[in-house]
Amino acid sequence: MTTRFAALAAVTALVTVASAAPAWAIDQGKGLPGFCPGPTGVTVVVDFQRLGGITIVRCYPNADPGTGLDALKGAGFQIAGAARWGEGFVCRIENRPSAVETLPIAGHEDYREGCVNTPPATGYWSYWHASNGCAWTYSQWGVKNRQFVQGGFEGWSFSLNATTTSNPQPRVAPVRPGTAGQPCAEAAEPPPNSDNPAERQPEPAAAAPVPGATAQPGVRSDGGNAAPGQPGTNVPGTAVPDAPVQAGDAPGGALPPPRPRTASAAPDPAANIAFTGGEDRPDVNRVLEDQSGADGAAPWFAAGAVLMLAAATAYLGVRRRRAGER
Amino acid sequence: MPGATYYLPRDLHPMAWWVWALGLATAASRTTNPWLLGLILAVAGFVVVARRGEAPWALAFRMYLYLGAVVVGFRVFFRLVFGGGEGATIVLRLPEIPLPEWAAGIRLLGDVSAESLLGGFYDGLRLATMVVCLGAANALANPKRLLKSMPPALYEVGTAVVVALSVFPQLAESVVRVRRARRLRGGDGRRFHALRAIVIPVLADALDRSLRLAASMDSRGYGRAGTVDPRRRLATGALMIAGLLGVCVGVYATLDGSTPRVLAAPMLVLGVVVGLVGFRAAGARVRRTRYRPGRWHLPEVLVALSGLTVAAALVATSAVDPTDLTPSLMVLSWPALSWTPLAGVLLGALPAVLAPPPEPALGRVPA
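Chains as they are written, first to last, in my numbering: chain A, 266 to 591; chain B, -18 to 348.
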């Protein structure tokens, strides 16, 4: 028994030796800071809203089609999915809301996001998209089911105690620098027509790049004077968001019928709040270690303790067997 | 002088071992951190080897280890078969088997990622650790003495529970005995024939044994209906079952952090109250005496406390730093660990030195 026990411990140790890729809060090796310079790729806007924190705008400069998740991760954002659903349900972006942060959601003032089950409808990352120069639209599709629009925008905005009609949209207008005033060429996006969580959005018609869009270096307004993350500074909704449904939410539950889209005002980049490209974000792994009180030496100590206990178990077992034979 | 008698060999009160083991199992249920789970396994194995007796049920511990290994294997295998594609590090590319439309959402085979395999492993390890903790309790505690220490009102339920809990060790013991008998007769026990030659005697043995147990319990007055009005018996029985169900739901909700809190403390209290009413009603009509009842001395208290400390340490830290206890698998990395739960789990090993050694088998000198 004892040798098997030791073997079990060894297997435990071996299997957990996974290739440890350093995860930076923003993986600078992926994506570009700021808006996408041209009609290639997709710009990802992450607005922490009432969580606090400076909004981040990054570009996923990939000309190939991909899902919303590809865009989010490819732009360099570090995300976590709910343990129950995987990455189909994004529950943390850039470690927000972190496991040690209390979310004052209605009816549960000291809620903490454990990222184990589906996050509550009163505190979750809402998923938006927009074509260049168009208004933000609440996505009818899950992040893994939707194709991003080339030259367009993907928005993530933390929705805290909001209803289906008051979900805050990202407070950075989906307009690439240098294209302001151009007409909106909305890419038609049919809503899902089944309850199948694996249904994929049909391949979009080749998104017509806005004519005259010139490649221009992203102009960022770092350190603007707008107070970042100030609660209650939502831009009045120009698109009617729908019920908070993301992929993985209530599998088997019917998706709500799509709402008719109201005519939307042209987004105004002048109303943007301050944002960065996320260059100065701290390492998420280090933040996690600080938050959890984890210590680099503790796993070694645990492994040593397991080995010593296994050795003691083996010794006692052998002694007992000898005594039994006597 | 208590100091001189503390380490005299004796069997501990079985409830003490059960409290200790359930404490470890509770701790295991709160975490998927492989460091902590491995440590809990090591602690349980160490204490079992250090303090188990020579009784047949004590030898069944290795069967629980096999069962745990099977649990882990199955969890990982299912991740392999039903869609292990969650995550970026693909370690195995299998051909995906297309399924019809009505099976939407189910995936057969396909790419397998290291993240999903590890997820299955962590999850399986947690369940396996809980199983092994129960095995440790079964190896250390004498099931017959456990039955003896049940409150009188719980006899009917308690008998069923004890019989159910000791079925596995009894079967394991049967297997060991039949195999030894076969070896003595010269069978090597390796051919397929051995399966038939072991399974049938084991089943026959188990059946014989249950009949013997039933007869002996019958002759000792178990299951005696007495002269009570059947309607009152029905009422007390219903009260007790309802109370126990309430307690079960309440305990589950208390231990599982994600269940609505309404089901936790209120349900527990309600169940306890209903159960106590049932106890009183049942206890009033049954009068049983005990021969040499088990007593709680200092070692029993210490053993139970060490198990409770482990559970408390993990329940407390899961409220403070959940990131450690359920390591994220979105980015493959070594699971982090902090000192509090680690130290808490190590306290669970104390019974290996704090409990007195078990009574030696007859005719054997203590080692």
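Quick reminder that beta carbons are idealized off the backbone N, C-alpha and C, glycines included.
Can you give the Cα-Cα distance for L251/B and T290/B, rounded to whole angstroms? 26 Å
Have a look at L581/A, P330/A, E544/A and flag the residue whose alpha-carbon is nearest the alpha-carbon of K409/A. P330/A
What would DSSP say about E352/A, mapped onto helix, strand or coil? strand
Mark K338/A as exposed unless 16 or more other C-beta atoms lie within 10 angstroms of its C-beta, in which case mark it buried. buried
First through last residue of the beta strand (DSSP E) which encompasses V309/A: 307 to 312
Fully enclosed by the region 186 to 256 of chain B, which alpha helix (DSSP H) runs are 4 residues long or longer? 211 to 236
Tell me which residues share the same chain as V311/A and place their Cβ nearer than 6 Å to its Cβ, disregarding the 5 neighbours each side in the sequence. I321, I358, W421
What does the Cβ neighbour count give for A52/B, buried or exposed, with the cut at 16 atoms within 10 Å? Sequence inspection shows Val at residue 52/B; the Ala mentioned does not correspond to that position. V52/B comes out buried.
Have a look at G446/A, I538/A, T430/A, E454/A and flag the residue whose alpha-carbon is nearest the alpha-carbon of F313/A. I538/A
I'd like the list of long-range same chain contacts for A153/B, defined as Cβ closer than 6 Å, with 5 residues on each side in sequence excluded. A41, M44
Name, in chain order, the residues that DSSP records as bridge partners for H(-6)/B. None, per the DSSP bridge assignment.
Quick one: grab the DSSP three-state call for I319/A. coil
Mind listing which residues of the region 567 to 582 of chain A have their C-beta closer than 8 Å to chain B's C-betas, in chain order? A567, A568, A570, V571, L574, A575, A577, T578, L581, G582
Taking beta-carbon pairs under 8 Å, can you tell me which members of the region 365 to 388 of chain A lie near chain B? V365, R377, G379, C380, V381, N382
Tell me whether R357/A sits in a helix, a strand or coil according to DSSP, three-state version. strand
What three-state label does DSSP hand E378/A in the structure shown? coil
Quick one: does D560/A have its CB under 9 Å from some CB of chain B? yes
With a threshold of 16 other CB atoms inside 10 Å of the CB of S431/A, please say whether the residue is buried or exposed. exposed
So what's Y(-12)/B in DSSP terms, helix, strand or just coil? coil
With DSSP collapsed to three states, give me the class of F63/B. coil
Select from V334/B, T70/B, H(-6)/B the residue whose C-alpha is nearest the C-alpha of L128/B. H(-6)/B
Strictly below 7 Å CB to CB, what residues from chain E border A563/A? The chain inventory of the structure shown lacks chain E, comprising the protein chains A and B.
Do R74/B and V57/B count as a contact pair if the criterion is CB distance below 9 Å? no
Expressed to the nearest angstrom, what Euclidean distance is found between the alpha-carbon atoms of G443/A and S424/A? 30 Å
Would you please verify whether the beta carbon of G518/A is less than 9 Å from any beta carbon of chain B? Because the pLDDT at G518/A is just 48, under 50, the model does not fix this residue reliably, and the value given afterwards should be weighed accordingly. Not an interface residue.
The beta strand (DSSP E) with E77/B in it runs from where to where? 71 to 78
Chain A partners of L20/B, CB-CB under 7 Å? A567, A570, V571
Cross-chain neighbours of V112/B in chain A, by beta carbon under 7 Å: Result: empty, since nearest Cβ-Cβ is about 13 Å, beyond 7 Å.
At the 9 Å Cβ level, is G351/A part of the contact set with chain B, yes or no? yes
Check whether the Cβ atoms of L316/A and P362/A sit closer than 9 Å, and answer yes or no. yes
In chain A, what lies closer than 7 Å to V255/B by C-beta? Under the 7 Å cutoff, chain A gives no residues; its nearest Cβ is about 29 Å from V255/B.
Below-9 Å beta-carbon distance, G26/B vs any chain A residue: yes
Distance CB(R32/B)-CB(P316/B) smaller than 9 Å: no
Under 9 Å, Cβ to Cβ, is there at least one residue of chain B near P506/A? Legend: pLDDT at P506/A = 38, less than 50; position of this residue unreliable, value from coordinates given subsequently. It does not; no Cβ of chain B falls within 9 Å.
Determine the DSSP secondary structure at W390/A, reduced to helix, strand or coil. strand
Kindly indicate the opening and closing residues of the beta strand (DSSP E) around I370/A. 367 to 370
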